[in-house]
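Trainee: Please see the structure below; I have some questions.
In full-length UniProt numbering, the protein residues as written are 1 to 323.
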């Protein structure tokens, strides 16, 4: 999806930025090391390639293979601290079969961490939202293993989720589509005592009654049964960009020259027949400036409270503004 509309099927979208006074560096690391170490190495290599050693970038643009995004974010934050916003999306394919690719100007890989450090000479603003609401139903994750949520309140997680959903689900097939409007949410922070959530999308139920997720849940975390609507999925991309204006305009007027948005592939599939409406909402919010938007298997962004996070069924956006 770009400012020219939504394009189904095969294609390539390119978005270019010309900034003679800025600096940019990119890198990919694909090794047998832990994702945490790959993230640190990719970051340091990208900073070196950008020619700004010792200077904090204004933004990290992140694209990693799915599976360990939380570790990747921690690797970046342990090097740079918590103040640098991370915007990005996890690589995706058509059928969750691992057929994705990452690439930069000098390397490509299937599993790894790719990122770009940005030192633009212009102002930027950014936003990260879920667009879903809590139903009020919640439970504690009492047993987890990797990205498998095994028990909620000491009961099989699949049983608890199906009771919340009010219908049985198949153990044989993916439940990605059936859970897209009802993911699990965790409180990421609060604004004026109102919580905002990072979401975990459900992939499938496991033979032992667990649920495999697209995000990592820790034991002891409270999980909320969330709900969304197709209408919200259509309008929320524009609302996230509006929010980026609100957050960034506290001390200055903003005039975007372009932007990058990241929209969840699961959300796109729910409203695929109305994606032209989504594109128009983004165009209006962007003041019809150029933008590019991939559809990803996980989204990364920085919440209004300053927390960098990985989530699913979310949208992340960064805007670049004239001085």
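Where is the CB? At the ideal position from N, CA and C, for every residue including glycine.
Considering only the alpha carbon of each residue, which of 311, 197, 192 and 179 lies closest to residue 136?
Mentor: Locating residue 136 in the chain shown gives position 136, where the first residue counts as 1. Residue 136 has its Cα closest to that of 197, out of 311, 197, 192 and 179.
Trainee: Per the contact definition of three or more C-beta pairs closer than 8 Å, is the region 300–315 in contact with the region 261–274?
Mentor: Using a Cβ-Cβ distance cut-off of 8 Å, the region 261–274 and the region 300–315 are in contact, since at least three pairs of beta carbons, one from each stretch, lie closer than that value.
Trainee: Give the DSSP bridge partners of residue 292, in chain order.
Mentor: Here residue 292 refers to the residue found at position 292 when the chain shown is read from its first residue. Bridge partners of residue 292: 2 and 260.
Trainee: Which residues in the same chain as residue 235 place their Cβ atom closer than 6 Å to its Cβ, once the five residues preceding and following it in sequence are excluded?
Mentor: Sequence index remark: in the chain shown, residue 235 carries index 235 (1-based). For residue 235, where only same-chain residues beyond five positions count, the Cβ hits under 6 Å are 281.
Trainee: Is residue 144 buried or exposed, if buried means 16 or more other CB atoms sit within 10 Å of its CB?
Mentor: Your numbering for residue 144 matches position 144 in the chain shown. When all chains shown are included, residue 144 counts as buried.
Trainee: Check residue 186 in the structure and name its three-state DSSP category.
Mentor: On the chain shown, position 186 is the one that residue 186 refers to. DSSP places residue 186 in strand when its eight states are reduced to three.
Trainee: What does DSSP give as the partner residues of residue 147 in its beta bridges?
Mentor: Within the chain shown, residue 147 is the residue found at index 147, counting from 1. According to DSSP, residue 147 bridges with nothing at all.
Trainee: Taking only the alpha-carbon atoms, compute the straight-line gap between residue 24 and residue 320 and give it to the nearest angstrom.
Mentor: In the chain shown, counting from the first residue as 1, residue 24 sits at position 24. In the chain shown, counting from the first residue as 1, residue 320 sits at position 320. Residue 24 and residue 320: Cα-Cα distance of roughly 14 Å.
Trainee: Tell me residue 300's beta-bridge partners as DSSP assigns them.
Mentor: On the chain shown, position 300 is the one that residue 300 refers to. In the DSSP output, where bridge partners are listed per residue, residue 300 has 88 and 310.
Trainee: In or out: residue 328 buried (at least 16 other Cβ within 10 Å) or exposed?
Mentor: With the chain represented from 1 up to 323, any question about residue 328 goes unanswered, as that position is not in the structure.
Trainee: Per DSSP, residue 204 forms a beta bridge with which residues?
Mentor: The residue labelled residue 204 in the question sits at position 204 within the chain shown. In the DSSP secondary-structure assignment, residue 204 is bridged to 212.
Trainee: In the UniProt domain "FIST" (10–156), which residue ranges form an unbroken alpha helix (DSSP H) of at least 4 residues, counting only runs that do not cross its ends?
Mentor: Counting whole runs of 4 or more residues, the UniProt domain "FIST" (10–156) contains the alpha helix (DSSP H) stretches 35–50 and 69–80.
Trainee: Take the Cβ of residue 204 as the centre, count every other Cβ of all protein chains shown within 10 Å, and call the residue buried at 16 or more, exposed below.
Mentor: Residue 204 sits at position 204 when you count from the first residue of the chain shown. Label assigned to residue 204: buried.
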